[in-house]
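Note that the sequence shown covers residues -20 to -1, 1 to 703 in mature numbering (1 follows the signal peptide of the UniProt record, and there is no 0).
Think of the CB as a built atom: it goes at the ideal place given N, C-alpha and C, for glycine as much as any other residue.
This report refers to the structure that appears directly beneath it.
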Amino acid sequence: MMTVLLVVLATAAAASVVHREPAWSHSTLLDGGLGHGGRVRLSWRPRERDILFQLEAPTLGYVGVGFSASGGMAGSDIILAWVDDRSGTPHLLDCHATSNAAPILDEQEDVKLLWGRQNGTHTCLRFRRAWDTCDHQDMALGEDTVRVIWAMGDNDPVIDDIVGVSGLEWHGAHNRGSHSLHLRGPPVLLQPNSADVYTWDVRQEEFIVPDNMDTVYWCRIFKAPGLTRKHHMLGYEPIISPESVRHVHHMLLYECAPKSRQIPLLQKAASERGAACYSPAMPPEWDSCLTPVVAWAVGSQGEFFPEHVGIPLGEDDRSTYFMLEVHYDNPSLKRLRDNSGLRIHYTPNLRPHDAGILSTGIAVSPLHMIPPQQKAYTTFGYCPSPCTNKLLPSDGIKVISVVLHSHMAGSRMELRHLRNGKELPRIAQDRHYDFNYQQSRRLPREITVLPGDELVTECVYKTVNRSYPTYGGYSTKQEMCLSFALHYPRTSLAACHSMTPVEYFFSTLGVQQFYGVDMPAVERLFLKTGSPDNGASDEEKLKKLVKLFKTTTTLPPPVFDVPMGNVWDEEANQKAILTLKAARDFTIEGEGDAQGAGPGGLFADLVIKEPTQFRNRTFTEHLLALPWTEVDFTSRLEAVLSSSHMAFCRLQDDQLAVPADIFELKNTTVFLDDSEPPASPCQHEFREDLDQQHLFSGSSSLVMDSKLAFSVWIVIRLTVKPF
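Here it is as structure tokens:
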């Protein structure tokens, strides 16, 4: 009887509401893209305590929409609605799902039906619900990415006071789907519609994605349109070739800061089709293209900037040359012809402020290691105070929006903000990170970062289905941990990244010495501290690389000369995806993560000499012998490795603004802004374990003692346990 009562009450309430057309701040087609025609539209308007929805679908039967942390039906929060064909009365049910079966009625009704109708082809309904209903059968909504699932059927369900909802026909394979969204946030800024706004397409030109590589990075130089004076970029949108929709993972547009002698070379390169990114095939003058101005990733529809900011374009020799980087993810090894890129919107009417993008997080390196079989393993990228203190203006910068970027193992991300040992409110966070939805997050209010402030990019990874460690790299099977912050005013700071110090990494894992190569030489394998030996032949350089593992002589990373131009070079590209891009601080060659071999066999080529307990094992064998399934081990490793960071503070010309140095992360006091009301009266019940953890652990001396104790523990643990 309760089911009938719920439906009657919901119907009566809806009938009593006078229909008014709300002003929708957000709207999207839930089945748009990927070959669908875009039939199901969800519109919404966030409010302080609740959120208003409108759902439109081409059916005269039922339509369902749900909220899911994973994108699947099991465990989702579902709203089922329809309009009675005979009476025209709208109905709505608050449900949930425990499996891929018919929804189950909630014990508590938390969704308010406002209005509904249908015409000859479509059904349209409006409803509202609280951000957090305090109901364990509902999903708390907020700033995190939410997978919105949907389905529709041709016929109305049947209400029965004994069995509840019956006659709910299966929607079929083509009348369902999932679409990730950010429900809470400012209204989307629309494309400017003015006669003085122009477009510039920066895109590939009939680029052939090879069918024998699963990861490809391709770079191309562009010259801004013939501008006689400075203009402003107002925003951008992606241009994706239809056959490449599932394969273009991300695109970055970098501003080049060439020296005068390099300008003719970039001008020539702008007439060519590009080269494998960050490989020997890429001309050295392209290294001046470091400052990101556009950061697009899969799932994003692009971004338009607020009316008071614009990114400079055509500013003398600066903001004239740009490099487009496109990452293709091609696991099916399909041969593609691609013309994807970005459409830049710009105007000669300058806005009040020049904007820029700051890249911060963990530098791409194999030392960014995530253990296998982890439910939640956390790593940190650290931008220390000396960097911001030197390069930010006295009144700071104001952050407008943020793109959070990791790969397939990423599950949660945050950009944290520290000042004088206290943690301020997070700049951006996503506790349900979706690798396939990396839309820029426009902040509800601009956040000021002052000189001396510190930024921490925190990434949490889930590797329960992986048998081997995951390393930092460019393949989507490898990992990244980066934030791209749009801010104003523009500064000379382009990137602020960190990594685990090389010797600290190996010593933490119990290794003291390798055969034939000392630790400074090992560090040289990962840090680009010397000038490439460009005079030697390819054969000599290859011999030097092999010899590097047989001598204690410290050598700079070798460089291999390959033909340049428009010729696709598989070997060059294979090296390219394993070489540092934005920070350019490391050399990584080869790949073997799937087999547990580590980055390029580099770890496999390092043979342990000390301690004697591990002697004659490769470092790869050592890693595979570690007890990854023991929670105490991985949690202690997580704490120790996250405490010490070598930081790199880079200018737009790729130079270090301050010397690279090692910094310790210490405990911070969380600052609570009491002026902001909580998102819901029951918010505390839904705080996740991550929010209860201390950000960092211990003082510097305690960290070092912890590391030493952990190293000794590894030796004892693996000595007792047979290898």
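Rounded separation between residue i and residue j - CA only
| i | j | result |
| --- | --- | --- |
| residue 704 | Arg21 | Beyond the ends of the chain as shown, which are -20 and 703, falls residue 704; an answer cannot be given. |
| Leu636 | His477 | 11 angstroms |
| Asp136 | Gly390 | 40 angstroms |
| Trp95 | Phe107 | 7 angstroms |
| Ser365 | His412 | 29 angstroms |
| Gln184 | Ser299 | 20 angstroms |
| Arg597 | Ile350 | 21 angstroms |
| Leu163 | Ser420 | 13 angstroms |
| Asp612 | Ser623 | 17 angstroms |
| Met119 | Lys92 | 16 angstroms |
| Asn173 | Leu121 | 33 angstroms |
| Phe594 | Ile588 | 6 angstroms |
| Gly432 | Leu603 | 38 angstroms |
| Val182 | Tyr197 | 16 angstroms |
| Leu582 | Arg504 | 13 angstroms |
| Arg392 | Arg446 | 18 angstroms |
| Val620 | Leu10 | 43 angstroms |
| Pro449 | His333 | 45 angstroms |
| Val168 | Val289 | 16 angstroms |
| Ala605 | Val43 | 52 angstroms |
| Pro292 | Leu207 | 12 angstroms |
| Pro607 | Gly496 | 28 angstroms |
| Gly401 | Cys363 | 14 angstroms |
| His625 | His76 | 45 angstroms |
| Gly576 | Phe202 | At Gly576, the pLDDT of 44 sits below 50, so the modelled position is not reliable; the number obtained from the coordinates is stated separately. About 39 angstroms. |
| Asp410 | Ser67 | 43 angstroms |
| Thr609 | Leu645 | 27 angstroms |
| Ile129 | Arg422 | 24 angstroms |
| Pro337 | Val274 | As written in the sequence, residue 337 is Ile, which differs from the Pro given in the question. Distance between the alpha carbons of Ile337 and Val274: 8 angstroms. |
| Glu601 | Val502 | 18 angstroms |
Contact under 8 angstroms by Cβ, residue i with residue j
| i | j | result |
| --- | --- | --- |
| Phe415 | Met388 | yes |
| Thr456 | Thr125 | no |
| Met213 | Tyr326 | yes |
| Val382 | Ala465 | yes |
| Gly279 | Ser160 | yes |
| Tyr357 | Glu618 | yes |
| Ala335 | Arg470 | yes |
| Lys355 | Val444 | yes |
| Gln281 | Glu217 | yes |
| His397 | Val440 | no |
| Ser386 | Glu459 | yes |
| Leu507 | Ser339 | no |
| Ser158 | Arg127 | yes |
| Asp64 | Asp74 | no |
| Leu347 | Thr480 | yes |
| Ala54 | Thr78 | yes |
| Trp276 | Leu322 | yes |
| Met303 | Tyr258 | no |
| Leu35 | Leu105 | yes |
| Ile342 | Gly165 | no |
| Gly46 | Ile31 | no |
| Leu435 | Leu395 | yes |
Close Cβ partners of residue i (< 8 angstroms) along its chain, the five nearest in sequence each way excluded
| i | result |
| --- | --- |
| Pro263 | Leu245, Ala249, Ala255 and Met544 |
| Arg209 | Gly294 and Pro328 |
| Cys367 | Leu473, Cys476, Ala627, Cys629, Ala637 and Val638 |
| Ser320 | Arg183, Gln184, Pro218, Ile219, Ile220, Ser221, Ser224, Val228, Met231 and Val306 |
Supposed close pair residue i, residue j - CB separation, criterion 8 angstroms
| i | j | result |
| --- | --- | --- |
| Glu287 | Arg315 | Actually they are not in contact, since the Cβ atoms of Glu287 and Arg315 sit about 44 angstroms apart, beyond 8 angstroms. |
| Arg253 | Arg200 | 6 angstroms |
| Glu438 | Ile380 | Not quite, the Cβ-Cβ distance comes to about 21 angstroms (not below 8 angstroms), so this is no contact. |
| Met132 | Ala261 | Between Ala261 and Met132 the Cβ distance is about 50 angstroms, and since that is not below 8 angstroms, they are no contact. |
6 angstroms Cβ shell around residue i - same chain, five flanking residues per side excluded
| i | result |
| --- | --- |
| Asp134 | Gly41 |
| Phe33 | Trp24 and Phe107 |
| Pro205 | Trp180 |
| Glu483 | Met499 |
| Gly51 | Arg127 and Ser158 |
| Glu123 | Arg164 |
Own chain, CB closer than 7 angstroms to residue i, minus 5 neighbours either side, in chain order
| i | result |
| --- | --- |
| Leu522 | Because the pLDDT at Leu522 is just 27, under 50, the model does not fix this residue reliably, and the value given afterwards should be weighed accordingly. Answer for Leu522: no residue qualifies. |
| Ile324 | Thr179, Trp180, Val182, Met213 and Tyr216 |
| Asp633 | Ala237 and Ser268 |
| Ala81 | none |
is_contact[residue i, chain D] using C-beta, thresh 8 angstroms
| i | result |
| --- | --- |
| Leu169 | Protein chains in the displayed structure number just one, and chain D is not present. |
Notebook entry, point to check: Counting Cβ pairs, one atom from each stretch, are 3 or more of them under 8 angstroms apart for the region 307 to 314 and the region 484 to 496?
Noted result: Judged by Cβ distances under 8 angstroms, the region 307 to 314 makes no contact with the region 484 to 496, as fewer than three pairs qualify.
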